[in-house]
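**Q** For reference, the structure I am asking about is given below.
Residue numbers (UniProt numbering): 1 to 646.
What follows is the structure in structure tokens.
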């Protein structure tokens, strides 16, 4: 739910009476056992209630603050409001985090509360790959449930539960609500539908919020207090050790090879045996190495950036700023200085090395981290992105950096003047990339009155679907739906001023007093300015600055030269992160003809647009080469000047 940052109002201290009342309500709602010391004198009220007092402080520390928040949820961007409770547990150095969230008339603990208060809610388990999907906002489906049946008795329909991975079964990583009675399940395989609706997870905006603007706290490796099966596991180990494999009395030999090695410790702790025992291969793809930790991912991204800087320094010694044209945008830093130099030796490392899995979560915070270390100097631009104004090429970390072996690229390696293979250029990483073109709309000023009702940013960027949802929210808030025909919307002065013109159709609508909702949505889209963003691989719109206008197209032009010779020219590659030199090298081999690269006539000298020319009518070969670089056919425009005009 908290994939997007909520709007949290200023925090205020929670009164002692309100804190105790709220803590008591949590204890009652979650049926938490209050520790009782039977050895104390019942007449000593302070001693008799010491357990309750300690429990209250553990759930809601004495330094707890509270604040109202608003956010949106679901595909319809429904407005959601509630209360957050902020505090710090003992042993955390006083660092305040969001501990509880009240929404939908329910209290939800965050993972920080669960890490310090074991067994507050039932704990369900699922493979790590499913937990990672939940950390992207997905819900937990019934077939994904593991370590059962039986499942916890308190995991009934509507109950708040936590979810942990089989690989770290004692560490809650997500919080949600049971959509079904999980405790009553006698099997999960073959049953469809949601089991848990995800509310919050380690890695979302609640987890990352901090009063001191520090990144979210990484989960612990193990929390023994959550492990209620230690005795059973120990018992299983004893029974297993007692089995004499050599004394089988005519039975078949046990194969303890690769099939047994596939099962994790968490799965063996489920006390299931035989051919039907699920293994990790039943739930996750087999990878060839261990998942990287957050710290290892952070180190890899920083090393890649240092490598990228050193590479430019080595390859462009005689150029100003070593060939870097400041300021550097976020997308340029990621595509030219970071991604080509990541140590993605294996498929597992490639899957791990994403900026979203780092402690920074996005390229903007990563650049700010480099600025704090004084490696770069950055500046906010337009409030949407951070640009690098300068790089300290004499920084000790840059000078002391030792290059490492880079993974092999599919594209042809660049060759240096002495004949040795040079470091792969950043541009060559375009082969195999994944691209997305996102069309966005910025509402014009006259739509502000409609957007204010939904508390939406009147200068924000929205997809057409999001803009329609904001219009629907306004219509419902102002009660403008025509009671006789729900497809019609009654026209009020704000709609008339913002969306209607003096056309004959709009005058007719004003005369009748209503207009179809779909027509109104089309007018709202028409009253917005188009923007676009071309996203590469796992880049998010938050990591790049959308550009005004419709998405550009790559243009392939066929024309005749020297009488009857046909040549093919292609330009517009730069917005799609495609460099002309590797493309020209590939086309020269594919088309068995010469290629050349030159500046497009009329392009800016400061930001020249490069054009690749190939001999012959090669539009199909060029299109296939572009598709290998993530370009969809709909993003390509072919202009054939060889056809005679009729």
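In this text, a Cβ means the ideal position worked out from N, Cα and C, and glycines have one as well.
Over what stretch of residues does the beta strand (DSSP E) that includes residue 572 continue unbroken?
**A** Unbroken run through residue 572: none, as it is neither H nor E.
**Q** Taking residue 165 as the reference, which of 405, 223, 465, 549 has the closest Cα?
**A** Checking every option, the nearest Cα to that of residue 165 belongs to 223.
**Q** The alpha helix (DSSP H) with residue 623 in it runs from where to where?
**A** Unbroken alpha helix (DSSP H) run through residue 623: 619-627.
**Q** How would you write the range of the beta strand (DSSP E) that residue 32 sits in, first residue to last?
**A** It is not in any beta strand (DSSP E) - residue 32 carries neither H nor E in the DSSP assignment.
**Q** Below 8 Å between beta carbons: does that hold for residue 447 and residue 527?
**A** Yes, the Cβ-Cβ distance between residue 447 and residue 527 is below 8 Å.
**Q** Expressed to the nearest angstrom, what Euclidean distance is found between the alpha-carbon atoms of residue 235 and residue 147?
**A** The predicted position of residue 235 is uncertain, since its pLDDT is 36 and thus under 50; a value taken from the coordinates is nonetheless stated next. Each residue's alpha carbon lies about 17 Å from the other.
**Q** For residue 625, count neighbouring C-beta atoms within 10 Å of its own C-beta (all shown protein chains included) and say buried if the count is 16 or more, exposed if not.
**A** Buried is the call here.
**Q** Check for me: the alpha helix (DSSP H) holding residue 472 runs from which residue to which?
**A** Residue 472 -> alpha helix (DSSP H) spans 464-477.
**Q** Out of 226, 608, 5, state which residue places its alpha-carbon closest to the alpha-carbon of residue 163.
**A** With distances taken between Cα atoms, residue 163 lies closest to 226.
**Q** What beta strand (DSSP E) runs, 3 residues minimum, are completely inside the stretch 113-185?
**A** DSSP runs (the beta strand (DSSP E)) wholly in the stretch 113-185: 123-126, 160-165, 174-178.
**Q** In angstroms, rounded to a whole number, what distance separates the CA positions of residue 291 and residue 353?
**A** About 10 Å.
**Q** Tell me residue 67's beta-bridge partners as DSSP assigns them.
**A** Note: residue 67 sits in a beta bridge opposite 84.
**Q** Which whole runs of the alpha helix (DSSP H) in the stretch 386-410 are 4 residues long or more, in chain order?
**A** As far as the stretch 386-410 is concerned, its whole alpha helix (DSSP H) runs of at least 4 residues are 396-399.
**Q** At what residues does the alpha helix (DSSP H) containing residue 307 begin and finish?
**A** It spans 294-315 - the alpha helix (DSSP H) in which residue 307 sits, taken as one unbroken run.
**Q** Compare the Cα-Cα distances from residue 466 to each of 206, 433, 522 and report the closest residue.
**A** Here the closest residue by C-alpha is 522.
**Q** Please tell me whether residue 499 and residue 524 are closer than 8 Å, where the distance is taken between their beta carbons.
**A** Yes, Cβ-Cβ distance for residue 499 and residue 524 is below 8 Å.
**Q** Keeping to the same chain, check which residues put their C-beta closer than 8 Å to that of residue 180; ignore five residues upstream and five downstream.
**A** So the qualifying residues of the chain are 142, 157, 193, 194, 195.
**Q** Compute the Euclidean distance between the alpha carbons of residue 307 and residue 406, then round it to the nearest angstrom.
**A** So the two alpha carbons sit approximately 10 Å from each other.
**Q** Using 8 Å as the threshold, is the C-beta distance between residue 111 and residue 175 below it?
**A** Against a cut-off of 8 Å, the Cβ pair of residue 175 and residue 111 comes out as a contact.
**Q** Find out if the Cβ-Cβ distance for the pair residue 397, residue 363 is shorter than 8 Å.
**A** No. Outside cutoff.
**Q** Would the stretch 581-599 count as touching the stretch 331-339 if we require 3 or more Cβ pairs under 8 Å?
**A** Flag = no, the stretch 581-599 and the stretch 331-339 do not touch.
**Q** Taking its Cβ as the centre, do 16 or more other Cβ atoms sit within 10 Å of residue 256, making it buried, or is it exposed?
**A** For residue 256, the predicted model reports a pLDDT of 33, less than 50, meaning its position is unreliable; a value from the coordinates is still stated below. It is exposed - the Cβ of residue 256 has fewer than 16 other Cβ atoms within 10 Å.
**Q** If you draw a straight line from the alpha carbon of residue 265 to that of residue 295, how long is it in whole angstroms?
**A** Residue confidence is low: residue 265 scores 37 on pLDDT, short of 50, so the model does not pin down where it sits. No coordinate-derived value is stated.
**Q** Could you check what DSSP says for residue 334 in three-state terms: helix, strand or coil?
**A** It is helical.
**Q** Identify whether residue 380 lies in helix, strand or coil by the three-state DSSP scheme.
**A** Residue 380 falls in the strand class under three-state DSSP.
**Q** Sort out for me which residues DSSP pairs residue 56 with in a bridge.
**A** Bridge partners of residue 56: none, in fact.
**Q** Kindly indicate which three-state DSSP category residue 546 falls into: helix, strand or coil?
**A** Residue state, collapsed to three classes: coil.
**Q** According to DSSP, residue 576 sits in a beta bridge with which residue or residues?
**A** The partner list for residue 576 (beta bridge, DSSP) is empty, contrary to what the question assumes.
**Q** Which residues in the same chain as residue 642 place their Cβ atom closer than 8 Å to its Cβ, once the five residues preceding and following it in sequence are excluded?
**A** Correct list, in chain order: 558, 559, 560, 566, 617.
**Q** I need the boundaries of the alpha helix (DSSP H) containing residue 452, first residue and last residue.
**A** Segment 448-453, the alpha helix (DSSP H) holding residue 452.
**Q** Return no unless some Cβ of chain D is closer than 8 Å to the Cβ of residue 129.
**A** Considering every chain present, this structure includes no chain D. It has just one protein chain.
**Q** Can you give me the C-alpha to C-alpha distance between residue 139 and residue 218, rounded to a whole angstrom?
**A** Roughly 22 Å between the two C-alpha positions.
**Q** Just list the residues that DSSP pairs residue 599 with in beta bridges.
**A** DSSP output for residue 599 lists 610 as bridge partner(s).
**Q** Within the same chain, show all residues whose beta-carbon is closer than 8 Å to that of residue 208, passing over the 5 residues directly before and after it, in chain order.
**A** So the qualifying residues of the chain are 215, 216, 361.
**Q** Per DSSP, what kind of secondary structure is residue 635 in: helix, strand or coil?
**A** If DSSP states are grouped into helix, strand and coil, residue 635 belongs with the helices.
**Q** DSSP three-state label for residue 369, please.
**A** Three-state DSSP puts residue 369 in a helix.
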